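Worksheet: one structure, shown below.
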Amino acid sequence: MALKIEARDVSVFFGNNQILHNINLGIEERAVTAIIGPSGCGKTTFLRTLNRLNDLSSDFRLQGDILLSNENIYGIDPILLRRRVGMVFQKPNPFPMSIFDNVAYGLRLQGIKDKETIQDKVKTALTAAGLWQEVSNRLNSNAFDLSGGQQQRLCIARAIAVDPEVLLMDEPTSALDPAATSKVEELILALKKNYTIVLVTHNMYQAARVSDFTAFFLNGYLVEFDTTDTIFTNPKDERTQRYVTGKFG
Amino acid sequence: MALKIEARDVSVFFGNNQILHNINLGIEERAVTAIIGPSGCGKTTFLRTLNRLNDLSSDFRLQGDILLSNENIYGIDPILLRRRVGMVFQKPNPFPMSIFDNVAYGLRLQGIKDKETIQDKVKTALTAAGLWQEVSNRLNSNAFDLSGGQQQRLCIARAIAVDPEVLLMDEPTSALDPAATSKVEELILALKKNYTIVLVTHNMYQAARVSDFTAFFLNGYLVEFDTTDTIFTNPKDERTQRYVTGKFG
Amino acid sequence: MLNEKISEISSLLSEMGGLVEDDIVRCVRTLVEKDPSEADSVINELEPRINALEKQIDEECLITLARYQPVAHDLRRIVAVLKIDKDLERMGDHCENIARRAKEIIKEPLLKPLIDIPRMAETAQEITRQALDSFFKEDTQLARECIDKDILVDELQEQIIRELISYVLADPSTMNKALDLIFTSKDLERISDLATNIGEETFFLVEGSDIRHLGPKDQKE
Amino acid sequence: MLNEKISEISSLLSEMGGLVEDDIVRCVRTLVEKDPSEADSVINELEPRINALEKQIDEECLITLARYQPVAHDLRRIVAVLKIDKDLERMGDHCENIARRAKEIIKEPLLKPLIDIPRMAETAQEITRQALDSFFKEDTQLARECIDKDILVDELQEQIIRELISYVLADPSTMNKALDLIFTSKDLERISDLATNIGEETFFLVEGSDIRHLGPKDQKE
Amino acid sequence: MKRSSINNNSEKVFRLASTVAAVLAALMVVLIIIFMLLPSLKALVKIPLRELFTTRWNPEGYSKSSWGILPFLAGSLWTTIIALAISIPISFLAAIFSTQFLPATFRPITDLFFSILAGIPSVIMGFLALTAIAPLLAKTFNLPSGLTMLNGGITLAIMVLPTMVSVLTDSFQKIPQIYKEGALALGASKWQAAIGVLFQFVKPAFISSILLSFGRAIGETMAVIMAVGNVAMIPTSPLQPGETMTGALAIEMPEAVANSLHYNALFLIGFILLIIALLVNYLSGLITSKVRVEIQ
Amino acid sequence: MKKRSDSFWVLLSAICYFSAVVFVIFVAVHLLRLSDGKLSLSFLFTNPDDGMTKGGVFSPLFGSIYLTLWVLVLSAPVGVLAGVYFAEFAPDNPITRILRNAIRTLSGVPAIVFGLFGLAFFVRMMNLGLSLLASALTLSIMNLPVIITTTEEALRLVPNSQKEAAIALGANSWEVWRDVSVKYASSGILSGIFLALSRALGETAPILLTGVVFYQPTVTLNPMHTFMAMPYHIFILATQHSKPTEALPIAAAAGFVLLILVLLARIFAFLYNRRVQRWL
Ligand SMILES: Nc1ncnc2c1ncn2[C@@H]1O[C@H](COP(=O)(O)OP(=O)(O)OP(=O)(O)O)[C@@H](O)[C@H]1O
Ligand SMILES: Nc1ncnc2c1ncn2[C@@H]1O[C@H](COP(=O)(O)OP(=O)(O)OP(=O)(O)O)[C@@H](O)[C@H]1O
Ligand SMILES: [Mg+2]
Ligand SMILES: [Mg+2]
Ligand SMILES: O=P([O-])([O-])[O-]
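This is the structure we're talking about:
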């Protein structure tokens, strides 16, 4: 297996606060890598560093290198980078447009005009997100009419419609009920065949269920990174042990 | 063991919608009874029926009887009932006052004026809520300055300060992070020595961890009610089985 | 996810069960057909594979528990599997014992024609198969049947021992050979006993109640 | 909550271990002191209590898994306990066998002064205690020691069997008595073998690695 | 037990007082409509409808008074439309700039400035139109007097600008950050995100802010009086003077004899203004409440 | 290509934005410049003199402030209580819905229309004549919707969870309001009141028809009397005066004073409003 993303000695600062400390982490291609850790440990910050979404904060500063397919992400135009590295957010954030237009949005941004191409890609994305059956007969209704779980899958469809290489997911199920959560989890498992997925989750059990690799962050440090099997049955670090067994804080 | 609360053939309607159907449920004294079930099954509605908080909705209608210590709750003045049946909500909702005043609020409502009595009771309640150590030196600072987990424990302290017999808790940890959650769970376990606790939770695992009895609601019906041990290792009803093993919906 | 894991574990367990059944047949076949190669394959092939499978199944169960947090039926199944694979592994050990001993036994002519021992082996194998079947099919009826069959094996064993003692009394020099066969029958009895444990796990799985130490086993032994 | 459950389970297991150690001592004491009441207490008291404890521990483990969803170290501990209580229960079974047989044996004068069998029992008991100790203290050093001790038991058994065979060869009429003692030693050997399994679980618990089928056991048997 | 009855009293008093207040407020609404309607009806009885829509307004004519309100309608429309034409694009762009491109730390200051701009009394705006904008227009377009429709329009544009900007910035700000980031994460530029996605959220507020501004502009009195020259003619270009409905009211009402036809006719103009205001507010309320439902 | 057009638009919107900000400063500067050094403390405390070509703005200033006080007393209690009714007690039925909408809609009615109403109702119907009271009542009616709506909105922002917490502890609705709602809503309510006051200070049209006069150098506390007010004073000086060159600096100076007064009220409203937002 190959590394899709590599963080080399990554430190992140907001103003004078160092949020991440020398993170070294290789993210395997076509696998799910989960990032777990207590609140405020820097999971989201790390994730948003990968598609340079943190650049929007004026006081953000990065040290170290992040490579996407061996190419430094700071050598790539951020807009192109974000097309290659899709993102799914904590709360479903469909745009206030029709279901179809939501999925087509990214395609149109890329300048694709041809109706048929767009239609094909929208259908493919919705199918891959396991949503086609549920929405194919109402593609023109407003995306807000969907349930929370469907909205989140729509957001996933929107992200994969532009054929990204990597999907970043920041607690994608934390706003969903258990039934919708398990649908999204199944979807993540299905998607990993084609995409490299980085999943930040508060829910340790979710990391356990869906990921192949797990990274445990604590106070901005990467404490342990291993296969999920190992992290949950036999972690090496005492702190990981304490965290996964819930004996923390 | 004695039954503290008994729901006899309770049906609840909002307008023309029947939300709960013939619920029969006995809530054991000094034990934690958990209510689980998928979103919208009527858990919260049932809970809020017990302290007549639903009466605030003009289109609420109840059939059947609810007994508190063998006394029909509709024979009790709602204001007095609510003093005997405390409640803790989904999101921490401290009042915008000092920590001390939050806990003292219920006491003052009862017309208690004596400063020492109030001080004693506040201290007892904060201690019982496991918060005394953390806040004793800043009782006068604003309750909003506490962390989410502390706020929720403050709300618990506020509820127990007026010495209720029963504590209703509606997903009390759903807004908290794992560390704060486990503190509140420990608190619940400690409190059951003195209070009868009814706990609504979305989180099946939480019901498993802290409750003695578990009721499984589905679409407004009580499907199964048994000891938590049984519900989670050997439920009788096929639907309970499916729900607790996550094979639902 | 959990379902896949469980069926993966089930198929591993079923594979292990197949190997153990094979094991029983072949270790006794060494005796019947006087073919040391059977014993060798038991010792060198089957046994390591069974051991490896036990480890693998335990590992998978552990991972499944850690990652999917099963409850209720799913959980009982995993716990039952953890118990069953241990039974199967010990059955494999007994087979290995039989095989090693068989290699010694067949170096010399047999004391008497082997009839009861193959019958014991067959019955033990049958109990094993039925017990596993009952577990996979969650069929307590079948489980009860196979548990009851254990008496047959016990009776056969007693018969074998009685018979062999009479041989030794008649000719003390056969002592060593007789002892080997007695040990073999004892191993087979253990195998069948372990197999009934599997049947008991079926009850545990299906009814959630523990019938261990309540069944016919307790009344005899 | 989980911690309390785990220590509850540990103390149940420790109680069960104590009973089994007792069991080993007393079933052999029947033979040494020719006191059938010891055997009776093994059969009527200890054995049912051990069986009940196994059920209880399994039940508690199941509930703990269902309710507290342990992972990592906690989980391995529970899984190990599920395996260990099965070992202990089978050790109890063997003790019961010894006790039942002992009641028969002591009806008649002994074939020879009993020296090796009590020694075997002592060693087996020691291994059991050490193994459980190693588990509770998570001490792999200790676990290794007790596993290694199993060889002593095996050697003692071989010695006993050899000796008894010579008796029978000298006087075939002792066959029945000899066989009883041989079976007794076989039971003790199994007990000690099962005890080493407990030691192996210590490795599993502490190092997360499975040393079963790798230890000295594999090299001999 | 005793205490709880005291409590009930305090609750009853509280409930009663607020109900009375609400009834009083409601009563005022009814009174306003009645007292605006009555004189207007009297006027409508006397003045043929046809005559209202003529171009000559001469209430105190020697031989015959004429009651054509078209000059005032035209004046109001000219100023209002010019105001909207200027303020819509500016406020839209300003709102985007302040919410999307200005660092968040500046936002309170911005809000304060716009709030102040909204609070400048209309006489002062009129003073400004009179002393600053009109001379500038006169110079630029080489007019004898800068008091024109354009002058009124510009003044009104400045006056409605803060309303529009604040409605727009409010609704831009209410959009959760995740929608903007959602668009950026798909490879949109900030501008594309603002126009393509965020504006979708703002659309209803945008329309409702236009309606509100229309209402404000058409109802504005003092500033317009001071800006437009007050000549009761129909302006044919923005560079001509004119008079608005509100202007007519403010200028003529103090002189009108109570209950005369002139008085009643002026009330009729007031009533038309009231209807326009109600309509505009009703429509914008409809849009906002629909949005509320949608966002929930 | 795309990027260039982006930056063009961003630049354009920046210009729009800053021109609005700059305009506020321009207003103040313009007034100061035209006032030609007329501003001083005595300007505030002397009456207009010599056909209003000399002297200060005492009587209009006093009139405006006195008027505003009356408006405060008349509109705040009724407005706040009515807001409470709509937020807390109004049953959800068509009648209350219509009422609520009607009141909201009033807030968009032009000030001059209120003036007409005040003339017809207070001055004539109620026989108050042209008086400060008639003007104050007119302005109060004009302000009611503002106060009612802001009060209601502020009360709606009180988290339901807070109210339920108090109810669950056994509080009745008065206690809930006293102990919880007021704490959350007071800033919003105050902000609404200040907003209303700033309007009362600055409006001309409603008082134009109900009691303001253009010259009355003596001040009186009798509300049945006519009065002078700043906005009207400025209007007269700027447009109706026979000697524009002499009146203009006084008008500008008076404008500046009025601007400061209104802005103070606005800034209070703004600050309280921000406090509301901070709670959320
Ligand atoms: N834009 C920012 N400016 C300054 N500090 C920030 C910024 N974003 C995050 N932080 C700080 O960085 C730390 C890590 O935040 P981050 O959101 O990455 O944590 P997290 O692990 O995702 O937590 P959670 O589980 O609560 O989402 C926090 O202390 C946070 O306050
Ligand atoms: N005041 C109300 N008026 C009308 N319907 C209501 C009201 N409160 C609840 N319901 C309806 O009753 C049903 C049960 O709601 P309830 O909140 O009790 O569910 P729940 O089990 O607590 O769900 P959740 O897990 O999402 O909190 C839902 O369909 C809901 O829409
Ligand atoms: Mg985060
Ligand atoms: Mg609920
Ligand atoms: O489904 P919830 O919004 O009550 O968590």
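One line per chain: the protein sequences are W, B, V, Z, H and R, in this order.
In terms of this note's numbering, the numbers along the first sequence are unbroken and rise by one, the last being 277.
In terms of this note's numbering, the numbers along the second sequence are unbroken and rise by one, the last being 277.
In terms of this note's numbering, the numbers along the third sequence are unbroken and rise by one, the last being 222.
In terms of this note's numbering, the numbers along the fourth sequence are unbroken and rise by one, the last being 222.
In terms of this note's numbering, the numbers along the fifth sequence are unbroken and rise by one, the last being 330.
In terms of this note's numbering, the numbers along the sixth sequence are unbroken and rise by one, the last being 321.
Quick reminder that beta carbons are idealized off the backbone N, C-alpha and C, glycines included.
In this text, all values refer to a predicted model and were calculated from it rather than measured experimentally.
- Taking CB atoms only, residue 73(V) has a neighbour in chain B less than 7 Å away.
- Listed in chain order, the beta strand (DSSP E) elements of length 3 or more contained wholly in the stretch 55-126 of chain H amount to none.
- For residue 63(B), the beta-bridge partners assigned by DSSP are 228(B), 243(B).
- In the structure shown, the three-state DSSP call for residue 249(B) is strand.
- Contact of residue 209(Z) with chain W is assigned, a C-beta pair being separated by under 7 Å.
- Here residue 258(B) carries a helix assignment [DSSP, helix/strand/coil].
- Relative to ligand 2, the beta carbon of residue 85(B) is positioned inside 6 Å of a heavy atom.
- In the structure shown, residue 49(B) adopts extended strand secondary structure according to DSSP, grouped into three states.
- Remark: the shortest separation between the CB of residue 54(W) and any heavy atom of ligand 1 does not fall under 6 Å.
- Around the CB of residue 136(V), 16 or more other CB atoms lie within 10 Å, so the residue is classed as buried.
- Taking CB atoms only, residue 76(V) has a neighbour in chain Z less than 7 Å away.
- Residue-level contact by beta carbon fails for residue 241(B) and chain Z, as no gap is shorter than 7 Å.
- Set against 6 Å, the gap from the CB of residue 175(W) to the closest heavy atom of ligand 2 is not smaller.
- Residues of chain R whose Cβ lies closer than 9 Å to the Cβ of residue 288(H) are, in chain order, 249, 250.
- For residue 91(B), the number of other beta carbons within 10 angstroms of its own is below 16, and it is reported as exposed.
- Residues of the stretch 208-230 of chain R with a C-beta less than 9 Å from any C-beta of chain B: 208, 209, 210, 211, 212, 213, 216, 220, 221, 224, 225, listed in chain order.
- Under the Cβ distance rule, residue 235(H) counts among the residues neighbouring chain W, one pair being separated by less than 7 Å.
- Around the beta carbon of residue 59(V), 16 or more other beta carbons lie within 10 angstroms, which makes this residue buried.
- For residue 232(R), the closest Cβ of chain B is not nearer than 7 Å.
- In the three-state DSSP reduction, residue 116(W) falls in the strand class (E or B).
- Of the candidates 302(H), 230(H), 255(H), 257(H), 230(H) places its Cα closest to the Cα of residue 125(W).
- Shown here, residue 176(H) sits in coil according to DSSP, grouped into three states, outside any helix or strand.
- Sequence-distant partners of residue 43(B) (beyond 5 residues in either direction) whose C-beta falls short of 6 Å from its own C-beta, in its chain, are 87.
- Within a 10 Å sphere around the beta-carbon of residue 281(R) sit fewer than 16 other beta-carbons, which makes this residue exposed.
- For residue 76(W), the nearest beta carbon of chain V is not closer than 7 Å to its own beta carbon.
- Nearest CB-CB separation between residue 113(Z) and chain V: not below the 7 Å threshold.
- Under the three-state reduction of DSSP output, residue 99(B) falls in the strand class.
- Look at residue 40(W) here: in three-state DSSP terms it is strand.
- Taking non-hydrogen atoms of ligand 1 into account, the C-beta of residue 57(R) is found less than 6 Å away from none of them.
- Per DSSP, reduced to three states, the secondary structure at residue 88(W) is strand.
- With a threshold of 7 Å between beta carbons, residue 263(W) makes contact with chain Z.
- Residue 141(B) sits in coil when the DSSP states are folded into three classes, being neither helix nor strand.
- DSSP places residue 195(B) in the strand class (E or B) of the three-state scheme.
- Counting only the Cα atoms, residue 90(H) lies some 8 Å from residue 104(H).
- Taking C-beta atoms as the reference points, residue 104(R) and residue 270(R) count as a pair closer than 7 Å.
- Judged by DSSP secondary structure, residue 28(Z) falls within the alpha helix (DSSP H) whose first and last residues are 3-34.
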